[in-house]
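Heads up: the structure comes next, in C-alpha cells.
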Amino acid sequence: MTGTRLSINADLHCHSRVSDGVLTPTALAQRAREGGVQLWSLTDHDELSGISEAQEACSRFDLAFVPGVEISATWAKRTVHIVGLNIDPSNLVLRQGLASVREGRVARARRIAERLENMGIQGSFEGALRYASNPQLLSRTHFARYILEQGYCSTMQEVFDQYLGEGRAGNVRVDWAKLEDAVQWIVGAGGRAVIAHPGRYAYDATQADAFFDIFKQLGGEGIEVVTGSHRPEQFKKYADVARQYGFLASRGSDFHAPSESHIDLGSLPQLPEGLKPVWHDWV
Ligand code: AMP
Ligand code: MN
Ligand code: MN
Ligand code: MN
C-alpha cells in the first residue's frame with residue numbers, strides 16, 4: 002500500500018433525496034467534486050435508485066465513483082447500519098433484499114405519527130411525507146424536518162433528544178434486515194460490507210466485541226473509522242478496533258443536507274496512520 006492511497010480524499014458515505022438527504026445525486030456529485038473528494042460513494046438508505054444518476058454525473062465531473070448503499074439491519078434486537086461499497090447495483094438478490102427492508106417503513110411511520118400526536122404534534126405523517134421523495138423510505142429524518150418546520154424544536158439534535166432518538170417515544174422499533182442477510186447481500190453483489198458509525202451504537206464493551214466478531218465471521222470486511230458521526234477521540238478508538246480485528250478502514254461524512262450536516266463532503270480528517278483503507282485496491 003502506498004501513502005498516496007491512504008491520503009486520497011475518499012468520502013464513502015452520504016445520502017441524496019432518494020432516501021433522507023435533500024440534494025439530488027447530481028448536486029451531491031458536484032458538491033463532492035468541489036469539496037475536493039477524489040473517490041466518492043452514494044450510500045442511500047436501503048435503496049439503489051440514485052446510483053445511475055450519480056454515476057453519470059461522476060463521469061461528467063471526472064470523479065471516481067463506487068456504487069454504495071447503507072442497509073438498516075437488526076442485530077441482538079438493536080438497529081445497526083451496514084454500508085455496502087462497490088456493489089453491483091443490478092444484483093437481483095440485493096435488490097430484492099432491499100425491497101423487503103423498505104416494506105416496513107410506511108406502517109412504522111404511521112405509528113411514529115400516532116405517538117407524536119399523543120405528544121401534541123399534529124399532522125406529522127403528511128408533514129413528513131412532504132419531505133420524502135418515496136413514501137417507502139419515510140424515515141425519522143423526514144419527521145424531524147417537519148417538527149423543525151412547525152417550530153417545536155430549533156435544532157435537529159433537539160428533535161432527536163426530545164422526540165425521535167434512543168429511548169424517545171417516536172423511535173418506533175422494527176425488525177430490519179438480519180445482520181447475516183445484509184452482509185450476504187452485499188458480498189453476493191461483489192461489494193465490501195462495512196460497519197457504519199460504530200460509535201453511535203449503545204453497546205457495552207462485551208456486546209461490541211461480539212458484534213465485531215460476528216460481523217467478521219459473516220464476511221464483513223470493514224469499519225468506518227473517520228465519519229461525521231464520530232468525535233475525534235472516536236477516530237482513535239475505532240482505528241484500534243480496525244487493527245485489532247483486521248478490518249479495512251473507511252471514511253465518510255454521512256452528509257445529508259447543507260443546513261443539517263456539520264461535516265461537508267470531503268472535509269473530514271484523513272484516516273489515522275497504519276490502517277488499510279477499504280479502497281486500497283480500487284484506486
Ligand atoms: P430511520 O432509518 O427512520 O430510523 O432514521 C434514521 C436516520 O435518522 C439516520 O439515518 C440519520 O439520518 C437520522 N438520525 C438519527 N439520529 C440522529 C441524530 N441524533 N441527529 C440527527 N439525525 C439523526
Ligand atoms: Mn440518514
Ligand atoms: Mn446510518
Ligand atoms: Mn448514513
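Each number in the working numbering corresponds to the 1-based position in the sequence shown with 1 added.
Ideal placement from N, C-alpha and C gives every residue a C-beta, glycine not left out.
Around the beta carbon of LYS237, fewer than 16 other beta carbons lie within 10 angstroms, which makes this residue exposed. Taking all protein chains shown into account, SER20 has 16 or more neighbouring C-beta atoms within 10 Å of its C-beta and is therefore buried.
Cβ-Cβ separation between HIS198 and SER230: approximately 4 Å, consistent with a contact (criterion under 8 Å).
Each residue's CA atom was taken as its position, placing LEU266 and SER8 some 16 Å apart. In the DSSP assignment, HIS82 forms a beta bridge with SER73. Each residue's CA atom was taken as its position, placing SER125 and ALA55 some 31 Å apart.
Spanning the alpha carbons of HIS257 and GLU118 requires a straight line of approximately 26 Å. Nearest to ARG131 by alpha-carbon distance, out of LYS179, GLN123, ARG252 and HIS143, is HIS143. Within its own chain, the residues whose Cβ lies closer than 7 Å to the Cβ of TRP76, once the five positions on either side in sequence are excluded, are LEU180 and PHE212, listed in chain order.
The beta carbons of TYR153 and ALA129 sit no closer together than 8 Å.
If you keep only unbroken beta strand (DSSP E) runs of at least 3 residues inside the segment 159-225, you get 193-196. Taking SER17 as reference, the option from LEU43, ARG32, ASP182 and PHE248 with the minimal CA-CA separation is LEU43.
Taking one beta carbon from each stretch, the segment 92-106 and the segment 189-205 have 3 or more pairs nearer than 8 Å; the two touch.
In this model, GLY51 and PRO26 are separated by some 6 Å (Cα to Cα). Close CB contacts of ALA203 within its chain, under the 8 Å cut and outside five residues either way in sequence, are with ARG79 and GLU167 (chain order).
One alpha carbon belongs to GLY105, the other to GLY69, and they sit about 22 Å apart. Judged by their CB atoms, ILE83 and ILE215 are not nearer to each other than the 8 Å cut-off.
With a cutoff of 8 Å on beta-carbon distance, LYS217 and LEU249 are scored as not near each other. In the structure shown, GLY253 adopts extended strand secondary structure according to DSSP, grouped into three states. 8 Å or more divides the Cβ of LEU165 from the Cβ of ASP47. Around the beta-carbon of GLU222, 16 or more other beta-carbon atoms lie within 10 Å, marking it buried. Every residue whose Cβ sits closer than 7 Å to any heavy atom of ligand 2 is listed here in chain order: HIS16, SER20, ASP21, HIS46, SER140, THR142 and HIS257.
As for any alpha helix (DSSP H) of minimum length 4 sitting wholly inside the segment 9-36, the runs are 26-35, ordered along the chain. In the DSSP annotation of this structure, the continuous segment of the alpha helix (DSSP H) that includes SER125 starts and ends at 125-130. Chain order is used for the residues whose beta-carbon lies nearer than 6 Å to a heavy atom of ligand 3, namely GLU71, HIS82, ALA197 and HIS198.
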